[in-house]
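Under the UniProt record's numbering, the first residue of the sequence shown is numbered 1, with each subsequent residue one higher.
From the three backbone atoms N, C-alpha and C, an ideal C-beta is built for every residue, glycine too.
The structure appears right after this line, and notes come after that.
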Amino acid sequence: MFGFAAYLGRRLLRLVVSLVAVSLITFVLLQLAPGNFADIQRISSGASTIGSAGTEDVANAFKARYGADVPVWKQYLIFMKGAVTWDFGPSYKYPTLDVQEIIAKAFPVSATLALLSVLLALLIALPVGVFAALRQNSPADHGTMFLVTLGHALPGFLSAAFLVLLFTATLHVLPSSGFTGPRNLVMPVLALAVGPAAVLARYVRSSMLETLREEYVTAAYAKGGPRRTVIVRHALRNSLIPLVTVVGPLLAGLMTGTVFIEALFRIPGLGLYFATAAASRDMPLLMGSTLFFAVILMVTNLLVDLVYGVLDPRIRAEGGWGRSRSRKASQRISPQEAL
């Protein structure tokens, strides 16, 4: 137990240091970037509601939070103090809303898109990967992997554009934008699921091929077990363990990487707000969103490592969670144990 606590403490300390580094790099890059929110709003005055209203409210909000003539380094410290207490201050682009309110309202939309996309990707990848593995080096295997590689290479926004042309411009069955009902989710989820499905299918195939060569699978066949039972109960079940290390970061990546899809389909998720903030140089929203994205990615990676350690004793031994109770804890499961 002490070994696990020490391991968890090291990982949490590394997470905090990484978050500070991300916030500092983001803050410095935004300060070095040319232009600012006021300049952009003056240029686009009349095209933006806040631009037509002027930037006086934004300036007053900035002075209320940071004070007048505050040096840059002090602005960073004030921002980080607010970040620790979940208070990022008001957005420049949406002055009536605090950044944390925007995140709380928009992130569930992005998370819903990401979760549905990963579930759809798994539903596609599992049968495709198993199908290809059971027909290794056959024309069916090569054809399947060609399609998988094509799906992996196809950018999400290009898939989205193709879906819009097909279902909206040609068939007129799905809306091309908005977020009013389940029909608005079909094309974004499909566009987001294509790439992950291809990645997961390759992992499933590779893991299945490795598992099918294991001794306990051969022993199960030798005992006269039905082919379907051996594949499902022994080969497939053990092949799914490595997917844990892929699905977790993949889900987190989709939660934080739906900017283009949300902007294209006008879905009010955090990706759309982030794109708008980047275009208008909304510093509080950019900083808050980036830090929130970093937290999601890092916490997800930590949880994946912990779950993987629970599933595989070898990871616990290598990670220093504690002493292994027996020599088997750091070795492969024997055929007798698997059967």
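key: Stretch pair the region 210-221 + the region 138-147: three plus CB contacts closer than 8 Å   = Proximity of the region 210-221 to the region 138-147 falls short of the contact definition, fewer than three beta-carbon pairs being nearer than 8 Å.
task = Could you have a look at PRO90 and say whether DSSP puts it in helix, strand or coil?
result = As a position in the sequence shown, residue 90 is number 90, starting the count at 1. Judged by DSSP in its simplified three-state form, PRO90 adopts strand.
task = Quick one: give me the first and last residue of the alpha helix (DSSP H) that PHE131 is part of.
result = Position 131 of the sequence shown, counted from the first residue, corresponds to residue 131. 99-134 is the span of the alpha helix (DSSP H), which, as asked, contains PHE131.
message = For PRO188, count the other beta carbons within 10 Å of its own beta carbon; 16 or more makes it buried, fewer makes it exposed. Which is it?
response = For the purposes of this step, residue 188 is taken as residue 188 along the sequence shown, with counting starting at 1. The residue in question, PRO188, is buried, as its Cβ has 16 or more Cβ neighbours within 10 Å.
ask   = Under a Cβ-count criterion, where at least 16 other Cβ atoms within 10 Å of its own Cβ denotes burial, should GLY181 be classed as buried or exposed?
value = As a first step, residue 181 is located in the sequence shown; it is residue number 181 there, counting from the start. GLY181 should be labelled exposed.
query = With respect to the alpha helix (DSSP H) encompassing SER177, which residues constitute its N-terminal and C-terminal limits?
reply = As a working note, residue 177 is residue 177 in the sequence shown. First-last for SER177: undefined, no H or E at that position.
ask   = Measuring CA to CA, which of ASP282, ARG10, ILE241 is closest to VAL307?
value = Residue 307 sits at position 307 when you count from the first residue of the sequence shown. Closest option to VAL307, Cα to Cα, is ILE241.
key: Beta-carbon proximity of LEU166 to ALA191, cut-off 9 Å   = For the purposes of this step, residue 166 is taken as residue 166 along the sequence shown, with counting starting at 1. For the purposes of this step, residue 191 is taken as residue 191 along the sequence shown, with counting starting at 1. No, they are not a contact pair.
task = Would you give the residue range spanned by the alpha helix (DSSP H) that SER159 belongs to?
result = The sequence position of residue 159 within the sequence shown is 159, counting from 1. DSSP places SER159 in the uninterrupted alpha helix (DSSP H) bounded by 156-163.
ask   = Taking only runs of the alpha helix (DSSP H) that begin and end inside the region 206-273, which ones reach a length of at least 4 residues, in chain order?
value = Entirely contained in the region 206-273, the alpha helix (DSSP H) runs reaching 4 residues are, in chain order, 215-222, 244-256, 259-265.
Alpha carbon of ALA197 to alpha carbon of LEU150, nearest angstrom = Taking the first residue of the sequence shown as 1, we reach residue 197 at position 197. Taking the first residue of the sequence shown as 1, we reach residue 150 at position 150. One C-alpha to the other measures close to 11 Å.
inquiry  = Quick check on THR96: does DSSP put it in helix, strand or coil?
reply    = Translated into positions along the sequence shown, residue 96 becomes position 96. Coil, per DSSP.
ask   = Hey, quick one: how far does the alpha helix (DSSP H) through THR170 stretch, first residue to last?
value = Taking the sequence shown and counting its residues from 1, one reaches residue 170 at position 170. Counting along the chain, THR170 sits inside no alpha helix (DSSP H), nor does DSSP assign it H or E at all.
Simplified DSSP state of SER23, which is helix, strand or coil = Within the sequence shown, the letter at position 23 stands for residue 23. Reduced to three states, the DSSP call for SER23 is helix.
task = Report the three-state DSSP secondary structure of PRO139 (helix, strand or coil).
result = By 1-based counting over the sequence shown, the position of residue 139 is 139. In the structure shown, PRO139 adopts helical secondary structure according to DSSP, grouped into three states.
message = If I follow the unbroken alpha helix (DSSP H) through ALA83, where does it start and stop?
response = One-based indexing of the sequence shown puts residue 83 at position 83. It spans 72-84 - the alpha helix (DSSP H) in which ALA83 sits, taken as one unbroken run.
task = Measure the Cβ-Cβ separation of SER110 and LEU270 and say whether it is below 9 Å.
result = Within the sequence shown, the letter at position 110 stands for residue 110. Within the sequence shown, the letter at position 270 stands for residue 270. Yes, Cβ-Cβ distance for SER110 and LEU270 is below 9 Å.
ask   = Taking the alpha-carbon positions, what's the MET208 to LEU147 distance?
value = Residue 208 sits at position 208 when you count from the first residue of the sequence shown. Residue 147 sits at position 147 when you count from the first residue of the sequence shown. Straight through space, the alpha carbons of LEU147 and MET208 are spaced by roughly 19 Å.
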